[in-house]
Amino acid sequence: MEFGRLGVWCSTDRLDAAGLRALLRSVEGKGYGTLWYPESRGYESVALAGFLLANSERLVIGSSIANIYARDAFTARRALATLSALHGGRFALGLGVSHIPMVEGLRGHRYDKPVPAMRAYLDGIRAAGEGAPEGPVLLAALGPKMLALAAAQADGAVPYNVTPEHTKQAAGILGPGKVLAVEQKVCIEADKARARALGRRELARYMTLPNYVNNWLRLGFTEAELQDGGSDRFIDAMVLSGDPEVVKQGLRAHFAAGATHVCIQLVTEDGDTKHRDAMLDALADA
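Counting from 1, one number per residue, gives the positions in the sequence shown under UniProt numbering.
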């Protein structure tokens with residue numbers, strides 16, 4: 001599967017059907033290779049993938065991520081096979097263990113240890129059919145153990161909220177021949193204070209989740225830098241901001257570190273599709 005050099009990651013729960021179609025037209029029309037979407041409290045992952053595939057022509061559509069507690073492994077494999085067969089092999093199944101509030105608080109399941117839970121799920125996917133799965137299976141991997149599992153039993157990884165240093169580490173663990181599709185938040189904005197304010201608002205939901213906090217600490221950020229909305233150094237690392245060339249240089253740092261694909265998340269005011277589309281235009285050749 002060709003993911004293309006650049007893709008777009010979008011919090012699709014914020015968009016209705018018309019908004020999703022407009023996003024697809026913009027992303028596809030500007031030459032991006034893949035559209036990635038999450039699974040949170042709104043749209044169900046597989047149903048949404050079907051809509052996105054049906055309303056696009058050439059884009060790869062990737063779940064980033066489908067929650068393993070939302071459907072059993074057999075169903076996940078059948079979903080991958082179904083979407084791949086009906087839409088020209090354009091679906092990539094990104095899987096993740098999600099977070100305790102999304103699993104225990106929202107769904108009422110027990111949140112198991114992440115690596116054993118994912119290993120058992122991948123075993124179930126293999127057991128659900130003969131031979132390799134019908135399309136790529138990628139893992140939301142941050143720590144070295146989950147990355148090692150992605151190297152051994154999946155087609156690669158889709159890290160989120162990371163830096164080029166993490167990308168370098170991930171590439172080393174995954175090894176050659178694996179997909180390393182890295183998410184990076186971006187904000188083309190000359191006013192640094194405004195860009196940081198938008199970044200802090202976007203990151204607030206993640207800064208209470210241990211999976212991300214622990215990874216940021218592993219990457220060298222201090223506990224103090226993660227307090228009160230995050231230090232300027234932390235925010236600038238998580239959200240590339242400035243003029244288009246500065247942002248492009250930040251994206252290229254991920255490729256230099258070993259990423260095979262970078263998916264940009266466009267940080268704007270809520271509903272500011274004009275700013276979103278302008279950023280898509282400006283970064284399409286990064």
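Each residue gets a CB set at the ideal place from its N, CA and C atoms; glycine is no exception.
Exclusion of the five residues before and after Glu-189 leaves Ala-195, Leu-198, Ser-241, Gly-242 as the residues of its chain whose Cβ lies within less than 8 Å of its Cβ.
As far as DSSP is concerned, His-254 takes part in no beta bridge. With a cutoff of 7 Å on beta-carbon distance, Arg-90 and Leu-53 are scored as near each other. A Cβ-Cβ separation of about 7 Å places Val-179 in contact with His-261 under the 8 Å criterion.
Here Ala-151 carries a helix assignment [DSSP, helix/strand/coil].
In this structure, Ser-84 lies near Gly-135, with their beta-carbon atoms less than 7 Å apart. The beta carbons of Ala-132 and Leu-147 sit no closer together than 7 Å. The C-beta of Thr-167 has 16 or more other C-beta atoms within 10 Å across all chains shown, which makes the residue buried. Runs of the beta strand (DSSP E) lying entirely within the stretch 12-65, each at least 3 residues long, are 34-37, 60-63 in chain order. The stretch 251-266 makes contact with the stretch 4-15, as at least three CB pairs between them are under 8 Å.
Asn-211 counts as buried, since at least 16 other C-beta atoms from the protein chains shown sit within 10 angstroms of its C-beta. At a Cβ-Cβ threshold of 7 Å, Val-46 and Ala-92 do not count as neighbours. Taking 3 residues as the shortest admissible run, the stretch 113-162 contains the following complete beta strand (DSSP E) segments, listed from N- to C-terminal end: 137-139. By the Cβ criterion, the stretch 224-238 is not in contact with the stretch 123-132, since fewer than three pairs of Cβ atoms, one from each stretch, lie closer than 8 Å. Nearest Cα to Pro-159 within the set Gln-169, Ala-141, Lys-145: Ala-141.
The beta-bridge partner set that DSSP reports for Cys-10 is empty. Looking only at Ser-64, Ser-56, Leu-95, the smallest Cα-Cα distance to Thr-75 is reached by Leu-95.
The continuous beta strand (DSSP E) containing Gly-94 extends over residues 91-96.
Under the three-state reduction of DSSP, His-261 is assigned to strand.
Taking a C-beta distance under 7 Å as the contact criterion, Gln-153 and Leu-174 do not qualify as a contact pair. Assignment of Val-186 by DSSP, reduced to helix, strand and coil, places it in the strand class. Counted as a single uninterrupted DSSP element, the beta strand (DSSP E) harbouring Val-239 occupies residues 239-242.
Lys-192: member of the alpha helix (DSSP H) spanning 192-203, first to last residue. Across the set Leu-23, Asp-285, Ala-224, the C-alpha of Asp-285 shows the shortest separation from the C-alpha of Leu-251.
Rounded to whole angstroms, the separation of the alpha carbons of Ala-150 and Val-115 is 10 Å.
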